[in-house]
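The structure appears below as structure tokens.
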Ligand SMILES: Nc1nc2c(c(=O)[nH]1)N[C@H]1C(S)=C(S)[C@@H](COP(=O)(O)OP(=O)(O)OC[C@H]3O[C@@H](n4cnc5c(=O)[nH]c(N)nc54)[C@H](O)[C@@H]3O)O[C@H]1N2
Ligand SMILES: Nc1nc2c(c(=O)[nH]1)N[C@H]1C(S)=C(S)[C@@H](COP(=O)(O)OP(=O)(O)OC[C@H]3O[C@@H](n4cnc5c(=O)[nH]c(N)nc54)[C@H](O)[C@@H]3O)O[C@H]1N2
Ligand SMILES: [Mo]
């Protein structure tokens, strides 16, 4: 019963197709995770996409030392000897099946479907058509993509780049599935051309974590290893993260931690199923027994209330120390390794508990009981993800978490430290390889030393600034190495128009998505190999490398026969483009023919990669050095770990308004929608739902199941997302939740986090109205 609805700011909805208000149903959220249901789901999806033989072959090589890295999330792997036969989760299985599907989108498909026709389809439909098979070109004014040869395609891109008066009129976007080798080549190409315009999905993701950690600890990465969780931590705090859906194998590690007596606290406006009982699908006991209860304490923090929560915790620790000196803080650590403690302490002493309670939605007593857990723990890890990073004050919140860890010396020893849990499987590695619009000079100096050209020094554009520049006519060429730029970014209508403002848009991709239909005057689609596929080059079969969220670098080898003979690896595409642009001066051909040549360059340019080729071939790979963790050395401006003062703030919510956070369902990977259910939250058959607290529903004179419009309120005007089912849900009062990317139309481009410039997609000020006439007609 899908139907087109109109939107006051445009004619489509943000997932890039007509709003489909299907027969969505809701039931109570689940209190436990995985179990047989999870296994049945993986099997169903895999068999439908791949058939039995391919399913078995593929799934048995995920995350094995001689197999490929799971293309889903960035969670790490157990030590090689501890891996299971099936080392993947339900969502990893879906990601693999999605890529290894036997369905194809070929030239005949594009001849049949015009761009206009495809723009009417939603993102789910587009990707469900199958893998892209050959290069496609959209000529100026053309209505359909048409096939062309690889040579013609790359010549067109090279000609356009060469024709730019100013290299800064090109933008090179990266999504985090790209391998280290491809990422390194891509940044080399952009910098050789003369631009640092290297926006990436990290700008939308953990940029706030990187900014806060680099400023306070000198390293913008997490500081734990897998074993810190399973073997050492006494207390694990999980805040703003939904591991049951987004990092499912983390539940196995948490279960191990629980079994040796660790405690877990979860802070989240939604009581996610992953915090409840975990039925480990790897063990018979997990499948038939009562399961393991994971979270000991659940804190229903308000959306954006986390800065107040951690400020409150820090205040409680300080109060304890003031009452009984020596009982709460690690003064040896603070004196020896930190600066800024006195200023921070003075600020905490003036905190107003009433304000902390209002902002966090948690009582002082509740926060103090958590502080008691902290005091009882010798080692504490704090894990977080998007629930913290996508708010206006995100960087301050994460700095406050650093304060919290510093107070008790919870950095640089086993079982302790900050753990931003990354999203895409190689988003951390891409950054290590130089995908960043503001790589430090030390990296650029090394690049110059290795390749003998002067890389540009002026900082480039990040994702939001790239959209602004395209909107304002400042960009001619947009290249996307994976990802779905149009759907993942905010202010969908503005972003789509911005892409259309380019002379040429180019996408290296595995599957058709919305971004490919928001084209410049000309457009190219370049189909590439995925992780699961064998990569043969002149010197033989290649492997690539990735870095997980624990800074482990390891190899990934595809096993399947490539989808068609026309597919090229990302490395080959970039190297050939480099060759078309610059001839062979930097050795593009040699790098394409043998990826070990790229790894040798990486070894010379990127710190921590000595003996790269040998070490990455060891089972399990190797861990990159991180000074604060390895030796309590803090490469900050002062050489010390830094306490910071972060006055508690939260987004103001005027009466009659709600704060909307945007979340992933259990049936999606970012803009890739596998299906329309969200099993753990009790949703079936649709995605246009908004989760609302029962008292808010009552206050709005609405009932569970009513059809509503969401209207965001921004300084530059309102934006409307029509036709959502209201679902009564145990969220804190005043806090609402709905799925991404359907809600990205609501996010103003200028609504970004301070310092990191990450879109504030988790605190959107909205009003809720009964659905407008168009939406109701469905
Ligand atoms: N299956 C699957 N796996 C994925 C992905 C996927 O889409 N699907 N995406 C990958 C990527 S790129 C990323 S970055 C990660 C994302 O992993 P997550 O960050 O876990 O994913 P989100 O759904 O964005 O959810 C954030 C969680 O934060 C909570 N939350 C929302 N607002 C707030 C808040 O203000 N405070 C607090 N404390 N909590 C809040 C939500 O209720 C939700 O539980 O997952 C990666 N893995
Ligand atoms: N409202 C809201 N918006 C958000 C978020 C949110 O929580 N709320 N989260 C943000 C976050 S954390 C992220 S990371 C971004 C994600 O932003 P992106 O990384 O840009 O988006 P994805 O949906 O992961 O990209 C999916 C596409 O990647 C392509 N692809 C898949 N595998 C490969 C491959 O191996 N190679 C190549 N070349 N292409 C491939 C396919 O064509 C597929 O359609 O979205 C952000 N946007
Ligand atoms: Mo992400």
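Residue numbers (my numbering): 55 to 832. Built from N, CA and C at the ideal position, the CB exists for glycine as well. Please read these numbers as outputs of a predicted model, since none were measured by experiment.
Close-in-space but distant-in-sequence residues of the same chain around residue i (CB under 6 angstroms, 5 per side omitted)
{"i": "residue 131", "result": "117"}
{"i": "residue 204", "result": "189"}
{"i": "residue 719", "result": "732, 793"}
{"i": "residue 463", "result": "384, 387"}
{"i": "residue 576", "result": "194, 558"}
{"i": "residue 326", "result": "296, 298"}
{"i": "residue 192", "result": "199, 573, 577"}
{"i": "residue 602", "result": "128, 130"}
{"i": "residue 587", "result": "612, 614, 616"}
Start and end residues, beta strand (DSSP E) containing residue i
{"i": "residue 224", "result": "224-228"}
{"i": "residue 35", "result": "Nothing can be reported for residue 35: it is not among the residues displayed for the chain, which extend from 55 to 832."}
{"i": "residue 279", "result": "Note, residue 279: premise wrong, no beta strand (DSSP E); not H, not E."}
{"i": "residue 352", "result": "351-353"}
{"i": "residue 597", "result": "From DSSP, residue 597 is part of no beta strand (DSSP E); its letter is neither H nor E."}
{"i": "residue 293", "result": "289-293"}
{"i": "residue 577", "result": "576-581"}
{"i": "residue 833", "result": "Nothing can be reported for residue 833, as the shown portion of the chain is limited to 55 through 832."}
{"i": "residue 561", "result": "558-563"}
{"i": "residue 386", "result": "No beta strand (DSSP E) contains residue 386, which is instead part of the alpha helix (DSSP H) from 385-391."}
{"i": "residue 18", "result": "Nothing about residue 18 can be reported from this structure: the residues present for the chain run from 55 to 832 only."}
{"i": "residue 532", "result": "531-535"}
{"i": "residue 273", "result": "Element bounds for residue 273: n/a, residue is neither H nor E."}
{"i": "residue 591", "result": "589-591"}
{"i": "residue 790", "result": "789-793"}
{"i": "residue 192", "result": "190-192"}
N-terminal and C-terminal residue of the alpha helix (DSSP H) that residue i is part of
{"i": "residue 163", "result": "161-166"}
{"i": "residue 604", "result": "Taken as a continuous stretch (DSSP letters only), residue 604 belongs to no alpha helix (DSSP H), as it is neither H nor E."}
{"i": "residue 845", "result": "This structure does not reach residue 845, given that the chain is present from 55 up to 832, and the question cannot be answered."}
{"i": "residue 682", "result": "681-685"}
{"i": "residue 749", "result": "748-753"}
{"i": "residue 632", "result": "624-636"}
{"i": "residue 144", "result": "144-154"}
{"i": "residue 177", "result": "177-182"}
{"i": "residue 483", "result": "481-486"}
Other residues of its chain near residue i: CB distance less than 7 angstroms, five sequence neighbours each side excluded
{"i": "residue 69", "result": "The pLDDT assigned to residue 69 is 43, lower than 50, so where the model puts this residue is not dependable; a value taken from the coordinates is nonetheless given after this. Excluding sequence neighbours, residue 69 sits near 176, 177, 541, 795, 796."}
{"i": "residue 329", "result": "320, 348, 349, 352"}
{"i": "residue 391", "result": "686, 688, 694, 695"}
{"i": "residue 241", "result": "252, 487, 488, 489"}
{"i": "residue 467", "result": "433"}
{"i": "residue 821", "result": "710, 711, 765, 767"}
{"i": "residue 100", "result": "109, 113, 147, 151"}
Chain B within 8 angstroms of residue i, Cβ atoms only
{"i": "residue 270", "result": "No chain B is present in this structure, which holds just one protein chain."}
Contacts around residue i, its chain only, beta-carbon distance under 8 angstroms, and the 5 residues preceding and following it disregarded
{"i": "residue 197", "result": "168, 169, 170"}
{"i": "residue 626", "result": "591, 646"}
{"i": "residue 208", "result": "627, 630, 631, 634"}
Minimum length 3: unbroken beta strand (DSSP E) runs contained in the stretch 421-465: Taking only runs of at least 3 residues, the beta strand (DSSP E) segments lying wholly in the stretch 421-465 are 434-438.
Three CB pairs or more closer than 8 angstroms across the stretch 591-598 and the stretch 560-573: As far as the Cβ criterion goes, the stretch 591-598 does not touch the stretch 560-573, which means the pair count is below three.
Would you call the stretch 791-811 in contact with the stretch 542-553, where contact means no fewer than 3 C-beta pairs closer than 8 angstroms? Verdict: yes, contact present.
In chain order, what are the residues with a CB under 5 angstroms from some non-hydrogen atom of ligand 3? A Cβ closer than 5 angstroms to some heavy atom of ligand 3 marks a residue here, and those residues are 259, 477.
Please determine if the stretch 244-262 and the stretch 443-454 are in contact, where contact requires at least 3 C-beta pairs separated by less than 8 angstroms. Segment contact: the stretch 244-262 against the stretch 443-454, three or more CB-CB distances shorter than 8 angstroms; contact assigned.
Start-end ranges of the alpha helix (DSSP H) lying completely within the stretch 79-126, minimum 4 residues: Here the runs fully enclosed are 89-104, 106-114.
Entirely enclosed alpha helix (DSSP H) segments - the stretch 801-827, minimum 4 residues: Runs of alpha helix (DSSP H) with 4 or more residues, each lying fully within the stretch 801-827, are absent.
Would you list, in sequence order, the uninterrupted beta strand (DSSP E) runs of no fewer than 3 residues that lie entirely inside the stretch 296-376? For the stretch 296-376, the continuous beta strand (DSSP E) assignments of 3+ residues that do not extend past its boundaries occur at 317-321, 331-333, 351-353, in sequence order.
Taking contact to mean 3 or more Cβ pairs, one atom from each stretch, closer than 8 angstroms, check whether the stretch 464-482 and the stretch 275-287 are in contact. Yes: the two stretches touch, three or more of their Cβ pairs being nearer than 8 angstroms.
Touching by the beta-carbon criterion (3+ pairs, under 8 angstroms), the stretch 747-757 and the stretch 779-790: Short answer: they touch.
So does the stretch 452-460 actually touch the stretch 296-314, counting three or more Cβ pairs closer than 8 angstroms? Three or more Cβ pairs closer than 8 angstroms define a contact, and the stretch 452-460 falls short of that threshold against the stretch 296-314.
Three CB pairs or more closer than 8 angstroms across the stretch 762-777 and the stretch 512-522: Contact fails: fewer than three Cβ-Cβ distances are below 8 angstroms.
I want to know whether the stretch 357-367 touches the stretch 655-669 - three or more CB-CB distances under 8 angstroms. Per the Cβ contact rule, the stretch 357-367 is not in contact with the stretch 655-669 (fewer than 3 Cβ pairs under 8 angstroms).
Cβ contact (3+ pairs, closer than 8 angstroms) linking the stretch 234-248 and the stretch 494-509: The answer is yes - the stretch 494-509 touches the stretch 234-248, with three or more Cβ pairs under 8 angstroms.
Alpha helix (DSSP H) runs contained entirely in the stretch 501-530, provided each spans 4 or more residues: For the stretch 501-530, whole alpha helix (DSSP H) runs of length 4 or above, ordered along the chain, are 517-525.
Which runs of the alpha helix (DSSP H), 4 residues or longer, sit entirely within the stretch 706-748? If only uninterrupted alpha helix (DSSP H) runs of at least 4 residues are considered, none is enclosed by the stretch 706-748.
Please go through the stretch 202-264 and give each complete alpha helix (DSSP H) segment of 4 or more residues, from N-terminal end onward. List check, alpha helix (DSSP H) in window: 204-216, 234-247.
Between the stretch 120-129 and the stretch 602-611, can you find at least three pairs of beta-carbon atoms closer than 8 angstroms? With contact defined as three or more Cβ pairs closer than 8 angstroms, the stretch 602-611 and the stretch 120-129 are in contact.
Indicate whether the contact test is met: 3 or more Cβ pairs, each with one atom in the stretch 719-728 and one in the stretch 421-431, closer than 8 angstroms. The stretch 719-728, when compared against the stretch 421-431, does not touch it at the 8 angstroms Cβ threshold.
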